[in-house]
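Trainee: Just so you know, we're using my numbering here: the sequence shown kicks off at 383 and counts up by one.
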Amino acid sequence: PVLPIESKVPWERDRRFGHFKTFYGDLERQLSNLRGVPQDTDVEKGEASKISEEDIDEDDEVPTADRYFAALEGPELETLRSTEVAVLPKDETWPFLLRFPISAFGMCLGVSSQAMLWKTLQWEPSTKFLHVHPVVNHVLWWISVALMVVVSITYLLKIVFYFEAVRREFNHPVRVNFFAPWIACLFLVKGVPHPVWEIHHAVWCVLMAPILCLDLKIYGQWMTSDERRLSKVANPSNHLAVVGNFVGALLGARMGLRELPIFFFAVGLAHYVVLFVTLYQRLPTNVQLPKELHPVFFLFVAAPSVASMAWTRISVGLSGIAVVTVIGVLATTMYHAFMRKDLFPNDVSIAITRRRPKFSKILTHLRSSSYDVKELVLSIPNFSSYSNQAPYSDSGSSSRMSISVGESPMAHGHGREEY
Numbered sequence: 383p384v385l386p387i388e389s390k391v392p393w394e395r396d397r398r399f400g401h402f403k404t405f406y407g408d409l410e411r412q413l414s415n416l417r418g419v420p421q422d423t424d425v426e427k428g429e430a431s432k433i434s435e436e437d438i439d440e441d442d443e444v445p446t447a448d449r450y451f452a453a454l455e456g457p458e459l460e461t462l463r464s465t466e467v468a469v470l471p472k473d474e475t476w477p478f479l480l481r482f483p484i485s486a487f488g489m490c491l492g493v494s495s496q497a498m499l500w501k502t503l504q505w506e507p508s509t510k511f512l513h514v515h516p517v518v519n520h521v522l523w524w525i526s527v528a529l530m531v532v533v534s535i536t537y538l539l540k541i542v543f544y545f546e547a548v549r550r551e552f553n554h555p556v557r558v559n560f561f562a563p564w565i566a567c568l569f570l571v572k573g574v575p576h577p578v579w580e581i582h583h584a585v586w587c588v589l590m591a592p593i594l595c596l597d598l599k600i601y602g603q604w605m606t607s608d609e610r611r612l613s614k615v616a617n618p619s620n621h622l623a624v625v626g627n628f629v630g631a632l633l634g635a636r637m638g639l640r641e642l643p644i645f646f647f648a649v650g651l652a653h654y655v656v657l658f659v660t661l662y663q664r665l666p667t668n669v670q671l672p673k674e675l676h677p678v679f680f681l682f683v684a685a686p687s688v689a690s691m692a693w694t695r696i697s698v699g700l701s702g703i704a705v706v707t708v709i710g711v712l713a714t715t716m717y718h719a720f721m722r723k724d725l726f727p728n729d730v731s732i733a734i735t736r737r738r739p740k741f742s743k744i745l746t747h748l749r750s751s752s753y754d755v756k757e758l759v760l761s762i763p764n765f766s767s768y769s770n771q772a773p774y775s776d777s778g779s780s781s782r783m784s785i786s787v788g789e790s791p792m793a794h795g796h797g798r799e800e801y
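Written out as structure tokens, the structure reads:
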């Protein structure tokens, strides 16, 4: 007798894994049919009936940012809280692609930055006394390339077969910062054994285009989103969303570019200052960072160090711009001081009254001044705010006046006013 071939592992039978698959198991069934393996549909239906509907998300929407914070904990929100129940079985080994996270690109960042470091030690005049051999840079660079290829191919397979899992990672408040394989590619280009100025500028543009798109998404969420504002999702891994601008500016300056590296350096510096202050002055309602040392904490050093290197290269071309700017500001100041004589206008900020004036005085002032209708309309809400505090009266009678938006303030001088 021929024994039946058990071709399916437990996670293939569990329908809960099918929710994360791109083809929901159709591709696996077609491959099994091509191999001639019979499909045990009765077993699948029996297993599917044992799964409660509460454990499976019926809709296609990903969890919100609040849900990630409520269900996960840890420096990178990678640990499930004890009060939460996972959608997938915790007592079974998941498929390898489901267990392969986007943060694996961090290995590529680390090794490629080492290749760039040893190249710098080899070529910089200030470190010539170390006598670094070029073999070190060559070995680290080729290891970085091989690691980058392996990680990229693996994650591309995850995109193909488990797109729902990739979509959840992209909406993760912390994991979204690790969608930066282009930063590792920038490190590879910067650490290439040959001089970088021999590389075509189109390579830099191709690598910086997705970084710009990611900046628009992340920075836009920091400023405009309610669930993903920076004061709520601030984490050391957010430095990855900033360091890409500095690395791009450094590489662009090395390749001889001017305007675009300055642009990315300015964008990165502006958001780095905000991120730095937010991480150090966290709101009392936010969960404090753990005291245990974590590799992601070294990003506090990575961003300013790369920024300083980028500034060293960019500032050489900015010295002339700074001189022109200072001369222009000085010339404008001298023009307003000696020609127009309006450098120091009347300081009206010290000439306000201790109490708010009466409405009759305000009206007289409006008649004698050159206020237009728009300025008068904008001043009406201020009148309504303090008109409720105390009535305005001359000789004990109440004042009544109606001002139309379409009329001029001077037109009321021909009308009849009662005080």
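Every residue, glycine too, gets a C-beta built ideally from N, C-alpha and C.
Could you give the distance in angstroms between the alpha-carbon of Phe402 and the alpha-carbon of Val467?
Mentor: Here residue 402 refers to the residue found at position 20 when the sequence shown is read from its first residue. Here residue 467 refers to the residue found at position 85 when the sequence shown is read from its first residue. Going from the Cα of Phe402 to the Cα of Val467 covers about 17 Å.
Trainee: Looking at C-alpha atoms only, which residue of Leu539, Val531, Arg449 is the closest neighbour of Pro477?
Mentor: The residue labelled residue 477 in the question sits at position 95 within the sequence shown. Checked all of Leu539, Val531, Arg449; the closest Cα to Pro477 is Leu539.
Trainee: Bridge partners of Thr461, per DSSP?
Mentor: Against the sequence shown, residue 461 aligns to sequence position 79. Answer is Glu455, bridged to Thr461.
Trainee: Measuring straight from C-alpha to C-alpha, what distance separates Tyr544 and Thr707?
Mentor: Stepping through the sequence shown from its first residue, residue 544 is reached at position 162. Stepping through the sequence shown from its first residue, residue 707 is reached at position 325. Between Tyr544 and Thr707, the C-alpha separation is close to 54 Å.
Trainee: Indicate whether Lys723 and Arg636 have their beta-carbon atoms separated by less than 9 Å.
Mentor: If you number the sequence shown from 1, residue 723 lands on position 341. If you number the sequence shown from 1, residue 636 lands on position 254. Not closer than 9 Å, so no.
Trainee: Under the assumption that Ser494 contacts Ala566 (Cβ atoms under 8 Å), give the Cβ distance between them as a whole number of angstroms.
Mentor: One-based indexing of the sequence shown puts residue 494 at position 112. One-based indexing of the sequence shown puts residue 566 at position 184. Confirmed, about 5 Å.
Trainee: Measuring only the C-alpha atoms, how far is Asn620 from Val711?
Mentor: In the sequence shown, counting from the first residue as 1, residue 620 sits at position 238. In the sequence shown, counting from the first residue as 1, residue 711 sits at position 329. When rounded, the distance between both Cα atoms is 37 Å.
Trainee: Hey, would you say Ala692 sits closer than 9 Å to Leu632, going by beta carbons?
Mentor: Within the sequence shown, residue 692 is the residue found at index 310, counting from 1. Within the sequence shown, residue 632 is the residue found at index 250, counting from 1. A contact, by the Cβ cut-off of 9 Å.
Trainee: Consult DSSP for Lys740 and reduce its assignment to one of helix, strand or coil.
Mentor: Stepping through the sequence shown from its first residue, residue 740 is reached at position 358. In this structure, DSSP gives Lys740 a state outside helix and strand, which the three-state scheme calls coil.
Trainee: Please state whether the Cβ-Cβ distance between Gly630 and Leu589 is less than 9 Å.
Mentor: One-based indexing of the sequence shown puts residue 630 at position 248. One-based indexing of the sequence shown puts residue 589 at position 207. Taking a C-beta distance under 9 Å as the contact criterion, Gly630 and Leu589 qualify as a contact pair.
Trainee: Expressed to the nearest angstrom, what Euclidean distance is found between the alpha-carbon atoms of Trp579 and Ala453?
Mentor: For the purposes of this step, residue 579 is identified with residue 197 of the sequence shown, where counting begins at 1. For the purposes of this step, residue 453 is identified with residue 71 of the sequence shown, where counting begins at 1. Approximately 48 Å, taken between the alpha carbons.
Trainee: Would you call Leu598 buried or exposed, if buried means 16 or more other Cβ atoms sit within 10 Å of its Cβ?
Mentor: Walking along the sequence shown from the start, residue 598 turns up at place 216. Counting Cβ neighbours within 10 Å, Leu598 comes out exposed, since fewer than 16 surround it.
Trainee: Ignore the nearest five residues each way along the sequence and tell me which others in Leu512's own chain have a CB closer than 7 Å to its CB.
Mentor: Residue 512 sits at position 130 when you count from the first residue of the sequence shown. Cβ within range, chain order: Leu503.
Trainee: Could you confirm whether any beta carbon from chain D is found closer than 9 Å to the beta carbon of Thr465?
Mentor: Protein chains in the displayed structure number just one, and chain D is not present.
Trainee: Would you please state the rounded distance, in angstroms, between the beta carbons of Val625 and Ala684? I believe it to be under 8 Å.
Mentor: Reading the sequence shown from its first residue, position 243 is the one you call residue 625. Reading the sequence shown from its first residue, position 302 is the one you call residue 684. That belief holds up - the Cβ atoms of Val625 and Ala684 are roughly 6 Å apart, short of 8 Å.
Trainee: For Asn553, does the three-state DSSP call read helix, strand or coil?
Mentor: As a first step, residue 553 is located in the sequence shown; it is residue number 171 there, counting from the start. Coil, per DSSP.
Trainee: For Ser534, name the three-state secondary structure that DSSP assigns.
Mentor: Counting from 1 along the sequence shown, the entry for residue 534 is found at position 152. In this structure, Ser534 counts as helix in the three-state DSSP scheme.
Trainee: Just how far apart, CA to CA, sit Val574 and Val517?
Mentor: Looking up residue 574 in the sequence shown gives position 192. Looking up residue 517 in the sequence shown gives position 135. Going from the Cα of Val574 to the Cα of Val517 covers about 12 Å.
Trainee: Have a look at Arg695, Asn617, Leu568 and flag the residue whose alpha-carbon is nearest the alpha-carbon of Ile600.
Mentor: Translated into the one-based positions of the sequence shown, residue 600 becomes position 218. The option with the nearest alpha carbon to Ile600 is Asn617.
Trainee: What residue does the alpha helix (DSSP H) around Tyr654 start on, and which one ends it?
Mentor: By 1-based counting over the sequence shown, the position of residue 654 is 272. Per DSSP, Tyr654 belongs to the alpha helix (DSSP H) from 641-662.
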